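Asker:
Residue numbers (my numbering): 92 to 151.
#1: By the 10 Å Cβ neighbour count, where 16 or more other Cβ atoms means buried, how is residue 103 classified, buried or exposed?
#2: Given a threshold of 16 other Cβ atoms within 10 Å of its Cβ, counted over all protein chains shown, does residue 148 qualify as buried or as exposed?
#3: Can you give me the C-alpha to C-alpha distance between residue 93 and residue 138, rounded to a whole angstrom?
#4: Please say whether residue 132 and residue 124 have beta carbons closer to each other than 8 Å?
#5: Among 136, 146, 144 and 150, which residue has its Cα nearest to the Cα of residue 105?
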């Protein structure tokens, strides 16, 4: 199970690199930052391209 988790995390890291998004360690989580993306995720495993799409910003 750990090997699968590590492989999935490596794939998530590669996806971030491909999309120009930094994956910065943030405690026990990851801070995804760049290209209109600014979010924290628990794990890079299972990350998809949809997770790296910029989120719309609305003013209050």
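Built from N, CA and C at the ideal position, the CB exists for glycine as well. Computed from a predicted model, the values in this text were never measured in an experiment.
Answerer: Taking the definition as stated:
#1: Under this definition residue 103 is a buried residue.
#2: Per the 10 Å Cβ criterion, exposed.
#3: In this prediction, residue 93 scores a pLDDT of 47, lower than 50, which makes its location untrustworthy; the coordinate-derived value is nonetheless stated afterwards. Residue 93 and residue 138 have their C-alpha atoms roughly 17 Å apart.
#4: No, the Cβ-Cβ distance between residue 124 and residue 132 is not below 8 Å.
#5: Answer by Cα proximity: 136.
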